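Enquirer:
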Amino acid sequence: MTHPHPRIPGRRFLHSPGPTPIPEAVLHAMSAQPMDLGDPRVDANIVACEQGLKRLLHTSAADVFMYAANGHGVWEAVIENLAAPGEAVLVPATGHFSESWAVQTEALGRRVVRTPWREGWPMDVAAVEQGLRDDKAHAIKAVFAIHTDTASGVTNDLRAVRCAIDAAGHPAILVADVVSTLAAVPFAMDDTGVDVAVGASQKGLMCPTGLGFVAVNAAALAAAQRNPSPRFYWDWARRKHEQSYRKFCGTPPQNLLLGLEAALGLIFSEGLDAVWRRHAQLARAVQAAVEGWREGGALGFFAQDPATRSHSVTTITVAQGIDVEALRAVARDRFQVALAGGLGPLTGRAFRIGHLGDCNPAMILGAIAGVEAALVTLGVPVGDGGTRRALMSLADAAIQPSPAQVGTGALFQGGLEPGRAVDVRAVEE
Numbered sequence: 322m323t324h325p326h327p328r329i330p331g332r333r334f335l336h337s338p339g340p341t342p343i344p345e346a347v348l349h350a351m352s353a354q355p356m357d358l359g360d361p362r363v364d365a366n367i368v369a370c371e372q373g374l375k376r377l378l379h380t381s382a383a384d385v386f387m388y389a390a391n392g393h394g395v396w397e398a399v400i401e402n403l404a405a406p407g408e409a410v411l412v413p414a415t416g417h418f419s420e421s422w423a424v425q426t427e428a429l430g431r432r433v434v435r436t437p438w439r440e441g442w443p444m445d446v447a448a449v450e451q452g453l454r455d456d457k458a459h460a461i462k463a464v465f466a467i468h469t470d471t472a473s474g475v476t477n478d479l480r481a482v483r484c485a486i487d488a489a490g491h492p493a494i495l496v497a498d499v500v501s502t503l504a505a506v507p508f509a510m511d512d513t514g515v516d517v518a519v520g521a522s523q524k525g526l527m528c529p530t531g532l533g534f535v536a537v538n539a540a541a542l543a544a545a546q547r548n549p550s551p552r553f554y555w556d557w558a559r560r561k562h563e564q565s566y567r568k569f570c571g572t573p574p575q576n577l578l579l580g581l582e583a584a585l586g587l588i589f590s591e592g593l594d595a596v597w598r599r600h601a602q603l604a605r606a607v608q609a610a611v612e613g614w615r616e617g618g619a620l621g622f623f624a625q626d627p628a629t630r631s632h633s634v635t636t637i638t639v640a641q642g643i644d645v646e647a648l649r650a651v652a653r654d655r656f657q658v659a660l661a662g663g664l665g666p667l668t669g670r671a672f673r674i675g676h677l678g679d680c681n682p683a684m685i686l687g688a689i690a691g692v693e694a695a696l697v698t699l700g701v702p703v704g705d706g707g708t709r710r711a712l713m714s715l716a717d718a719a720i721q722p723s724p725a726q727v728g729t730g731a732l733f734q735g736g737l738e739p740g741r742a743v744d745v746r747a748v749e750e
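Numbering (the numbering used here), first residue to last: 322 to 750.
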């Protein structure tokens, strides 16, 4: 009898930008039996996750609140805490995910001020400043900014957004979605002037989907206290409590938290500077392959400025007539490489290669070769040497490793300036 799902030898490579591969140590940690809520190990686990996230976010001033939710859940937590129904927020356009956040905000009865967006380019920071200057009554309560839009693969400059808010003399709270960038590129919450950072477990944190979190500073907590909007499960004030049960408004998701503690341990044992260098190295390899493929005339980069191309995910456009879903099916079923398709306005126009989380050069080379094989199988012209360019990029990186002052361009757009050395000791202590 033929089984409808025959065994696949080896392991299928998962190269979506989320979920991402889960390390064995994380899976093992999650396999433990849960504990009663009075067990002191429960509180120790929660504290370890809170402190680890604060260390990763480079914040000493913020409180961390964790939710049994995905990224959209913590978006809702931000909306409910910072704006009452009828009040406004400004959402700088970055593509699919900024628009999704805007639509969710409107569905909850808030008003949204949007900025214009050019496909393939980062958010219009000048329009953000102008929108805030035009808000003479300070009706806008917050700016919801996406660090890297996972659909577009474009990284935005959060420091520039903070400067725009300050230049406009506006009291709006700056909220940064770092779901796609945390643990992939440097992000310094306090130094960048971010009031609320929003993250989730299934990308650079190498955990299953289902654990979202926010880091909230004093200004944002004060804004939430002034907000008369009724709320319960999402309420930051209600979760600011010493008891683990109260921190989660019910039973904590213990096994997810055990996995997160293990994942944070892996990140810190590798060293943050090494984690950032690794992500930059893998991104360069993927983008080197795309440079080769686009010589065939059918593929290209969605992100037009190389300095803004994400270290987490690369979005690759396809010429009209190329069936993206057929490409994904061939890559997945014949060559065991799982890719992501285009989202929102890029549906059918692009595919995406994730290169974040528990990923190494051999995995990236396998993914790139599998993608190229799928493209060739479908008769898509890809030029000559995309895979070899990736190989040479990785070989050059191995011969000439990056210094402690890591990367340029998009790597620093979360709060570490170009030309400013990363103090590894400060990061790791």
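Using N, Cα and C, we set each Cβ at its ideal position, and we do this for glycine too.
Source: prediction; values computed, not measured.
Is it buried or exposed, H632, if we count other Cβ atoms within 10 angstroms and call 16 or more buried?
Expert: Buried, by the Cβ-count rule.
Enquirer: Who does I461 pair with in a DSSP beta bridge?
Expert: In DSSP, I461 forms a bridge with A409.
Enquirer: Compute the beta-carbon to beta-carbon distance between L464 and I486, rounded to the nearest angstrom, for a pair I have assumed lies under 8 Å.
Expert: Correcting the residue type first, residue 464 is Val in the shown sequence and not Leu. V464 to I486, Cβ: 6 Å. Contact.
Enquirer: Along the beta strand (DSSP E) that carries V385, what are the first and last residues, could you check?
Expert: First-last of the beta strand (DSSP E) with V385: 384 to 388.
Enquirer: If you follow the beta strand (DSSP E) that D626 is in, where does it begin and where does it stop?
Expert: Element bounds for D626: n/a, residue is neither H nor E.
Enquirer: Measure the C-alpha to C-alpha separation of V368 and A640 and round it to an integer number of angstroms.
Expert: Those two C-alpha atoms are separated by around 50 Å.
Enquirer: Measuring alpha carbon to alpha carbon, tell me which of F656, Q451, E693, G580 ends up nearest P330.
Expert: The shortest C-alpha separation from P330 is found at F656.
Enquirer: Where does Q608 land, buried or exposed, given buried means 16+ other C-beta within 10 angstroms?
Expert: Per the 10 Å Cβ criterion, buried.
Enquirer: Could you give the DSSP three-state label for F810: helix, strand or coil?
Expert: For residue 810 there is no data in the structure shown, the boundaries of the chain being 322 and 750.
Enquirer: Is it true that the stretch 497 to 513 meets the stretch 348 to 364, where meeting means three or more beta-carbon pairs spaced less than 8 Å apart?
Expert: Counting Cβ pairs under 8 Å, fewer than three are found: no touch.
Enquirer: Among the residues of its own chain, which have a CB less than 8 Å from the CB of A540, if the five just before and after it don't count?
Expert: These residues qualify, in order along the chain: I494, D516.
Enquirer: Quick one: using the 10 Å Cβ neighbour count with 16 as the cut-off for buried, is Y566 buried or exposed?
Expert: Exposed.
Enquirer: Does DSSP classify T436 as helix, strand or coil?
Expert: Here T436 sits in coil by DSSP.
Enquirer: Does DSSP put Q726 in a helix, in a strand, or in coil?
Expert: For Q726, the predicted model reports a pLDDT of 31, less than 50, meaning its position is unreliable; a value from the coordinates is still stated below. Reduced to three states, the DSSP call for Q726 is coil.
Enquirer: F418 and V537 - do their beta-carbons sit closer together than 9 Å?
Expert: Not in contact: V537 and F418 (Cβ atoms no closer than 9 Å).
Enquirer: So which of G441, V395, Q372 has the shortest CA-CA distance to T426?
Expert: Minimum Cα distance to T426 is reached at V395.
Enquirer: Using only CA atoms, which one of S714, G621, H491 lies nearest to R599?
Expert: With distances taken between Cα atoms, R599 lies closest to S714.
Enquirer: Return the CA-CA distance between A423 and D717, expressed in angstroms with no decimal places.
Expert: Taking the straight line joining both Cα atoms gives about 42 Å.
Enquirer: Three or more C-beta pairs under 8 Å: does that hold for the stretch 660 to 671 against the stretch 400 to 420?
Expert: The stretch 660 to 671, when compared against the stretch 400 to 420, does touch it at the 8 Å Cβ threshold.
Enquirer: Roughly how many whole angstroms lie between the Cα atoms of E591 and A628?
Expert: Between E591 and A628, the C-alpha separation is close to 26 Å.
Enquirer: Buried or exposed: where does K462 fall if 16 or more other Cβ atoms within 10 Å of its Cβ makes it buried?
Expert: It is buried - the Cβ of K462 has at least 16 other Cβ atoms within 10 Å.
Enquirer: Would you mind working out which of H562, F622, A489 sits nearest I674, comparing C-alpha positions?
Expert: If we check each option's Cα against that of I674, F622 comes out closest.
Enquirer: Across which residues does DSSP place A661 in a beta bridge pair?
Expert: Beta-bridge pairing links A661 to R673.
Enquirer: Take P724 and list the residues in its own chain whose beta-carbon comes closer than 8 Å to its own, dropping the five residues that flank it on each side.
Expert: No answer about P724 holds up, because its pLDDT of 36 lies below 50 and its placement is not dependable.
Enquirer: Would a C-beta distance cut-off of 9 Å place C370 and L581 closer than the cut-off?
Expert: A contact, by the Cβ cut-off of 9 Å.
Enquirer: Give the DSSP-derived three-state secondary structure of D511 in the structure shown.
Expert: Three-state result, D511: helix.
Enquirer: For L664, verify whether its CB is less than 8 Å away from any heavy atom of the ligand COA.
Expert: The model on display carries no ligand, and the ligand COA is accordingly not part of it.
Enquirer: Only counting the same chain, and skipping five residues up and downstream in sequence, which positions put a Cβ closer than 6 Å to that of A404?
Expert: Closer than 6 Å at Cβ, skipping near neighbours: V410, R431, K462.
Enquirer: Where do the N-terminal and C-terminal ends of the beta strand (DSSP E) with D498 fall, by residue?
Expert: That run of the beta strand (DSSP E) goes 494 to 498.
Enquirer: Restricting to Cα atoms, I'd like to know which of I685, A390, L648 is closest to G700.
Expert: Selected option, being the one with the closest Cα: L648.
Enquirer: Does DSSP put D360 in a helix, a strand or coil?
Expert: Of the three classes helix, strand and coil, the one that applies to D360 here is coil, per DSSP.
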